[in-house]
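To keep things clear, I will list the structure first and then write my remarks on it.
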Amino acid sequence: MRHLKPSILLTSILSATGIVASEDPNDVSILIREAGRANNDSLLWGPYKSNLYFGVRPRIPKSLAAGLIWGKVDDYAGAQQNFRHTCEQNEGMTGYGWDEYDIRKGGRETIHDAGNNLDLTIDFIKVPGGQHGGSWGFRVKGTPSDGDAQQPTSMIFYSTLEGFGQLGVETESSENGIEGDVKLEGSSLELGDFTIDVTNGPNTNTHPRFDHQSSKDKPLDRSIVASVAFPEEQLWQAKGIFFTQMKTQVDEALEEYGKENIPPPAQLFTVPHKPGHGNAHFVQKVFSGEFQFDVLFSSGSAPEPLTSEVLTKEIKAASESFSETFDQLLPPQPPFDKPKYSKFSKAMLSNLVGGIGFFHGDDIVDRSANPAYEEENEGFWEETAQARAAVQPVLEGPKDLFTCVPSRPFFPRGFLWDEGFHLMPVIEYDTDLALEIIKSWFHLMDEDGWIAREQILGQEARSKVPPEFTIQYPHYANPPTLFMALETFMDKVINNVNKSTESETLDNQDATASLRSATVRHPELSQAYLRSFYPLLKKHYNWYRNTQRGEISSYDREAFSTKEGYRWRGRSVQHILTSGIDDYPRAQPPHPGELHVDLISWMGMMTRTMRRIAQNLGEEDDVEEFAYYETAITRNIDDLHWDEKEQTFCDATIDEYEESVHVCHKGYISIFPFLTGMLGPDSPRLKPVLDLIGDPDELWSDYGIRSLSKKDKFYDTDENYWRSPVWININYLVLKNLHDTATASGPHRERARELYNTLRKNLVENIFREWQKTGFAWEQYNPDTGNGQRTQHFTGWTSMVVNMMSMSELAAPATTHDEL
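Letter by letter, the sequence shown follows residues -22 to -1, 1 to 798 of mature numbering (1 follows the signal peptide of the UniProt record, and there is no 0).
This is the structure:
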């Protein structure tokens, strides 16, 4: 085996961020340290304000932030409603998001704002160099959708600064605006000195002109700048601050001119021009028809300031680099190897990565440790409801989280069970980015090993959540999908180690490529990464074992192990929100003796991953312990949850005679041992599982696998959240395990191959069709029509369609001697 020398790897890594190594590049400890530093610099800046149509910030808790607000200003009545800032579901958008995006270089976002008759293109790029994460910039292009050359559009760039530092406008100004570019200068402890230039744009830009008397005082062919000071905790409400300033201007105009002689809307809805110093600055431009301008952030420690000429060059380079990298790592395979699917796949990955956010703030936790939360008594759900109603929660933190989000308009925050699915496409394109996100999640862990299932950090995140859902409970779990991502990482590490030679050296690669895969390519880095939080992984694993354990021997259940049974805490009569599949039918009434087949399956996957990580780190005692648990869980899945009569896996509960009985509702729950890789290709349970998946009268539909069998009495009833719709995360697990079954030796490989090829085609074609038709990816899909439904712009786990397209279509295997 031949590894890349540390000197080659280190040189490539450092060149990606403009850092010059001053120490021996063959020292592995230096490699680890400098690789971490280069990775952090490469990821420092980004559009990390996921809840905004466009908002930039660094991965620094209190620092600089910037964003855009815009609106059509052609009438008085609708102007206020026309201004856009935060992503919303019902603002007349016909589609928006990233067409191309590489988190280390930048990309292109397009916004089709039908309500404002405006198409926006925003090209965002990052330029490495210096000691503070480099420089960045973006170009805004706007075009009225109907080509109206006279349409007035108000564009507002704003920047705020939290924490220690200063920010002010340094451009000379007249009383009624700034001609030419606007320059802000600032400094902070973490960013050093910096400037922000808001350019005037090309000469083709035009501006509204009016005969009204006010236009002589305040012409719109220049930038209007408002510099204000606001309480730091309010700075996230930039649109509200802008409206507060604009109201002053409107009130003054009304007083001066009266309602009968009011200035035109484009003139009226502007802020007072008061440039200077403060912690919030608004640069407002009003255009007619098409327009373009640049925003250029230059780090004072960078070799050169960023210019529009450099921005133009970097936009082109970033686009070419993204396409080249994507085509190398995630190219759609037949029958999806066509330009339209490639464009779609790139957009889905880009929206997922472009939706990554950095969140900072406190969260709300119930630390009461009320005995009712043990859920040991019959009728426990009533006791826990009373305990939750009486709780006095506490604020904890502040905390930081770097994470993907399920949906920018509806769920712009971290969800524990979503995140492992989010990382499946990410880890294929940028492995080290996925690892950075995983590490961020595990650093949220409390002293007991608990991680809150929903991360609602700070006032800005809480503004999107009803108050009754903000409290987090330390006895609530969630599916441990981050271990699914870690297992994929282990696959990559092992595949790399097993190569006899490196497939390619880093000498001739784009330097940024080394940052995407350094941890896989270099064993010292992968071991250092896993070692850095292996104790946290063990603590988190043991928290699940200790808090989510179910009763076996208390109810005289016969099983291989008296310990390996599990049940979700936090259920009500109709829901187990903690399971992730909220309203899926469970035992009625709830009982403290329940055992849940999905949770023991997750525990099996989690244990398998821990065993593999321990093997990689040489922790032999732990390997032996995890292997023992893994065997016991595998045996108990059969002993506790297989129902011979129904020929499926089922939850278990205790009936009125104190006997353990199965509760069978065929659907996603029934196939969880298969979904988590706990059924081998020779398992006697595999054929019934494949039959259930492939039966059109049960789970199979033309648009994906249904969440509940059509034959179940609860199918398509009540809330119908997980009682019929097609969910892409679970369908991905079905597809992956069908693929693994079809490519392993076993009696059911041909059946698995047929199901795999057809399911893959059905899923991809329907998600693509709905994306073309509506402009959005969706939270779930209707099993009868294929229509996207519930939350729009759900570019979280629905983006796993990228993985589906990149998987190969399977040809019929050659018949082996054994099969004959």
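In this text, a Cβ means the ideal position worked out from N, Cα and C, and glycines have one as well.
Per DSSP, the bridge partner or partners of residue i
| i | result |
| --- | --- |
| residue 704 | 684 and 759 |
| residue 87 | 76 and 100 |
| residue 353 | None, per the DSSP bridge assignment. |
| residue 743 | Its beta-bridge partners do not exist; DSSP assigns none. |
| residue 134 | 47 and 262 |
| residue 527 | 544 |
| residue 71 | 91 |
| residue 23 | 36 |
| residue 173 | 163 and 276 |
| residue 144 | 165 |
| residue 874 | The structure shown has nothing for residue 874, since the chain only spans -22 to 798. |
| residue 156 | 201 |
| residue 121 | 97 |
Buried or exposed (CB count within 10 angstroms, at least 16 for buried), residue i
| i | result |
| --- | --- |
| residue 373 | exposed |
| residue 474 | buried |
| residue 576 | buried |
| residue 6 | exposed |
| residue 695 | exposed |
| residue 187 | exposed |
| residue 321 | exposed |
| residue 122 | buried |
| residue 223 | buried |
| residue 26 | buried |
| residue 599 | exposed |
| residue 362 | buried |
| residue 844 | Any property of residue 844 remains undetermined from this structure, which presents the chain solely from -22 to 798. |
| residue 795 | Residue confidence for residue 795 is low, a pLDDT of 45 falling below 50, so the modelled location carries little weight and cannot support an answer. |
| residue 113 | buried |
| residue 34 | buried |
| residue 623 | exposed |
| residue 195 | exposed |
| residue 357 | exposed |
| residue 167 | exposed |
Sequence-distant residues of its chain with Cβ nearer than 8 Å to residue i (five each side left out)
| i | result |
| --- | --- |
| residue 481 | Because the pLDDT of residue 481 is 42, which lies under 50, any placement of that residue in the model is unreliable, and the question is left without a value. |
| residue 790 | 728 and 731 |
| residue 748 | 754, 755, 756, 759, 764, 765 and 766 |
| residue 399 | 459, 462, 707, 710, 774, 775 and 778 |
| residue 449 | 342, 343, 344, 366, 369 and 371 |
| residue 551 | 359, 566, 567 and 568 |
Cβ shell of residue i (< 6 Å), same chain only, five flanking positions each side left out
| i | result |
| --- | --- |
| residue 369 | 344 and 346 |
| residue 667 | 649 and 652 |
| residue 716 | 730, 733 and 734 |
| residue 127 | 267 |
| residue 486 | With a pLDDT of only 43 at residue 486, under the threshold of 50, the placement of this residue in the model should not be trusted; the figure read from the coordinates follows. Nothing listed; no residue qualifies. |
| residue 87 | 76 and 100 |
| residue 769 | 385, 388 and 757 |
| residue 350 | 361, 362 and 365 |
Chain-order list of residues whose beta-carbon lies under 7 Å from that of residue i (same chain, five-residue window excluded)
| i | result |
| --- | --- |
| residue 693 | 686, 687, 701 and 702 |
| residue 740 | 680, 681 and 682 |
| residue 314 | 742 and 783 |
| residue 665 | 726 |
| residue 293 | 101, 103 and 117 |
| residue 22 | 36, 37 and 111 |
Heavy atom of the ligand FMN within 8 Å of residue i beta-carbon
| i | result |
| --- | --- |
| residue 469 | Only the bare structure without any ligand can be found here, which leaves the ligand FMN out of the picture. |
> Taking contact to mean at least 3 C-beta pairs separated by less than 8 Å, is the segment 198 to 210 in contact with the segment 151 to 163?
Replying inline: yes
> Are there three or more Cβ pairs, one per stretch, closer than 8 Å when the segment 376 to 388 is compared with the segment 429 to 444?
Replying inline: Pairwise C-beta distances place the segment 376 to 388 in contact with the segment 429 to 444, as three or more of them are shorter than 8 Å.
>> Closer than 8 Å is the cut-off here; do at least three beta carbon pairs connect the segment 229 to 237 with the segment 282 to 290?
In response: no
>> Could you tell me which whole beta strand (DSSP E) segments of length 3 or greater appear in the segment 255 to 287?
In response: 258 to 266 and 269 to 277
> Taking three-plus beta-carbon pairs below 8 Å as touching, is the segment 525 to 540 in contact with the segment 609 to 620?
Replying inline: yes
> Are the segment 65 to 84 and the segment 246 to 265 in contact at 8 Å, needing three or more beta carbon pairs?
Replying inline: no
> In the segment 594 to 657, which residue ranges form an unbroken alpha helix (DSSP H) of at least 4 residues, counting only runs that do not cross its ends?
Replying inline: 598 to 619 and 650 to 653
>> Restricting to runs no shorter than 4 residues, where is the alpha helix (DSSP H) found entirely within the segment 394 to 451?
In response: 394 to 407, 409 to 420 and 436 to 440
>> To test your reading of the DSSP string, which unbroken alpha helix (DSSP H) runs of 4 or more residues are found completely within the segment 333 to 391?
In response: 358 to 368
> What are the start and end residues of each continuous beta strand (DSSP E) run of 3 or more residues lying completely inside the segment 179 to 224, in chain order?
Replying inline: Runs found: 202 to 206.
> Three or more C-beta pairs closer than 8 Å, one from the segment 586 to 599 and one from the segment 520 to 527: is that the case here?
Replying inline: no
> How do the segment 501 to 521 and the segment 15 to 34 stand: do at least 3 beta-carbon pairs fall below 8 Å, yes or no?
Replying inline: no
> Is the segment 245 to 261 touching the segment 207 to 221 in the sense that three or more CB pairs, one from each, lie closer than 8 Å?
Replying inline: yes
> Is it a yes or a no for the segment 640 to 649 touching the segment 559 to 568, going by three-plus beta-carbon pairs under 8 Å?
Replying inline: These segments touch.
> Is the segment 331 to 341 close to the segment 295 to 306, with three or more CB pairs under 8 Å?
Replying inline: Touching, no.
>> Under 8 Å: do the segment 46 to 62 and the segment 78 to 96 share three or more Cβ pairs, one atom per stretch?
In response: yes
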